[in-house]
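Q: Please find one structure pasted underneath; my questions will follow.
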Amino acid sequence: MHRLLFTIAAQATGWQLYEGDEGKFWFSRWDDALETADIMAGALHERHGIPTAVVMDMAGREAVLVSSHG
């Protein structure tokens, strides 16, 4: 089954959270972005059984897996 990715990417003045390819939220603090992404990913898996993961975009390098659900 396909795994839905929540990606945290650095922006000029903060952090952008993407759900799949769609930009969802912007945060000034990395830990706020991470907490929100993990809550969203966990809730989606718990309520709908969709496998999810939170990854950190490393600006031109391979993304790093932060957490996964399912």
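In terms of this note's numbering, the sequence shown opens at residue 4 and continues consecutively. Idealized CB from N, CA, C, for every residue including glycine.
1) Suppose the cutoff is 8 Å on Cβ atoms and the five residues either side in sequence are ignored; what does the same chain contact list for V58 look like?
2) Does DSSP put I42 in a helix, a strand or coil?
3) Does DSSP put E49 in a helix, a strand or coil?
4) Drop a sphere of 10 angstroms on the beta-carbon of A46, count the other beta-carbons inside from all chains shown, and report buried for 16 or more, exposed for fewer.
5) Quick one: grab the DSSP three-state call for A66.
6) Pull up the distance between the alpha-carbon of I42 and that of H48, whole angstroms please.
A: Let me spell this out:
1) L8, F9, T10, I11, A66, V67, L68, V69
2) helix
3) helix
4) So A46 ends up on the exposed side.
5) Of the three classes helix, strand and coil, the one that applies to A66 here is coil, per DSSP.
6) Those two C-alpha atoms are separated by around 10 Å.
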